[in-house]
Every structure is written in structure tokens, then in C-alpha cells.
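A.B. asks:
Residue numbers (our numbering): 452 to 634.
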């Protein structure tokens with residue numbers, strides 16, 4: 452299975468990231484001003500520099516969420532540019548768009564069995580959409596990553612998925628794999 456890192460790209464020491472097959476940078480802006488407006492920090496140039504440093508060493512993808520872009524400015528050189536879709540992060544962000552939304556199918560999520568989601572503070576969360584760390588399974592700064600991955604909290608959450616018991620984040624899931632056709 453390939454190793455993929457999703458990141459905001461503000462990491463300082465990329466030399467510690469070895470063995471990755473792909474890095475996906477969530478840039479979400481075409482200019483420094485737009486980046487500051489969407490992200491709330493001045494990190495645009497740093498992210499572009501990090502993309503440049505890694506290009507040719509690992510497959511790089513630059514991802515843009517579905518925001519209202521000016522689409523002017525520098526588009527980084529990466530192996531792939533991906534225009535994403537707007538997500539509410541499990542219902543944490545209000546959706547005010549005009550696009551039709553999809554309804555989640557009531558079936559277990561395979562991501563909880565396949566993907567580790569580790570936040571910058573070391574929290575391993577149940578899902579990549581757990582924006583506010585509402586479902587922390589443990590912290591890899593305090594525990595070995597495999598102890599968290601195989602721990603009681605993950606076992607309980609996986610069992611609930613199998614039994615069709617979904618927490619609030621799962622009920623608002625926006626993973627395209629678990630949707631019915633658009634309504």
C-alpha cells in the first residue's frame with residue numbers, strides 16, 4: 452500500500468520524511484494575499500519553496516479546495532494539480548453553497564481500517580475530516596503509533612462501524628465513497 456502524506460506544507464525539516472510515495476499539499480490559494488485570507492497565516496512562500504524542494508524526490512500533488520478563487524497568481528510546479536470540492540469537515544463548517552449535496556449511505560467506512568490520520572500536535576484522530584479533533588484515539592508523541600492504531604479506542608470505533616453505529620462526524624461524512632447519487 453502506498454504511503455501518502457496530506458499536509459499544509461508548512462513543515463520545516465523535510466529530510467525526516469523518508470519512504471513516502473506521494474505528498475499532497477493543500478495550498479488553497481493562487482496568491483499570497485489569498486492564502487492569508489483562506490488560511491489565516493502567512494505561509495504561502497514557504498509552502499511553494501517546500502513543493503520545489505520535494506519535486507523530483509517524491510510525487511507531489513497540489514490540491515485546491517472548492518473555494519472562490521481569483522485564479523490569478525503563481526501556480527506551483529508539481530506532478531499534479533487537483534481542484535477539490537468544498538467539504539464541511541464532518542459538519543464543522545457550515546455549507547452555504549448552491550451545489551446539490553449528496554446523502555451518506557449507511558454503510559461502514561473502510562478508512563478507519565486503512566488510514567492513519569495524525570495531526571500536527573501528534574493526535575491520531577479517527578478520520579481525516581476530524582477538523583477539530585473531536586475523536587482523538589491517542590497521541591503519537593506520548594505513545595507508539597502502532598499502540599494507538601491497535602488500541603482500545605480504535606477497536607471500539609471499528610466495531611461500531613461494522614455494527615452500523617455512526618458518530619456525528621460519520622453521519623455528516625463527505626467521503627465520496629459513501630454517497631448515494633446527488634439529490
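By construction, the Cβ of each residue, glycine as well, lies at the ideal position given by its N, Cα and C atoms. Remember, it's a predicted structure, so these values are computed and weren't measured experimentally.
Might you give, ordered along the chain, the residues of its own chain that have their beta carbon closer than 8 angstroms to the beta carbon of residue 599, omitting 5 neighbours on each side?
C.D. replies: 575, 588, 589, 590, 591, 605
A.B. asks: Helix, strand or coil for residue 582? Go by DSSP, reduced to three states.
C.D. replies: coil
A.B. asks: With DSSP as the reference, identify every bridge partner of residue 510, one or two as the case may be.
C.D. replies: 473
A.B. asks: Below 8 angstroms on the Cβ atoms is my contact criterion, and I expect residue 400 with residue 580 to pass it. Report the Cβ-Cβ distance as a whole number of Å.
C.D. replies: Because residue 400 is not part of the residues shown, which for the chain are 452 to 634, the question remains open.
A.B. asks: Which one or two residues does DSSP pair with residue 498 in a beta bridge?
C.D. replies: The partner list for residue 498 (beta bridge, DSSP) is empty, contrary to what the question assumes.
A.B. asks: What does residue 463 pair with, by DSSP beta-bridge criteria?
C.D. replies: Answer is none; residue 463 lacks a bridge partner.
A.B. asks: Determine the contact status of residue 456 and residue 478, defining contact as a CB-CB distance below 8 angstroms.
C.D. replies: no
A.B. asks: Given a cut-off of 8 angstroms on the beta-carbon distance, is the pair residue 513 and residue 476 in contact?
C.D. replies: yes
A.B. asks: Would you mind reading off the limits of the beta strand (DSSP E) that contains residue 456?
C.D. replies: Run containing residue 456: 455-458, per the beta strand (DSSP E) assignment.
A.B. asks: Run through DSSP, which three-state label would residue 574 get?
C.D. replies: In the structure shown, residue 574 falls within a strand segment according to DSSP collapsed to helix, strand and coil.
A.B. asks: In angstroms, rounded to a whole number, what distance separates the CA positions of residue 615 and residue 459?
C.D. replies: 33 angstroms
A.B. asks: So, with DSSP's three-state summary, where would you put residue 616?
C.D. replies: coil
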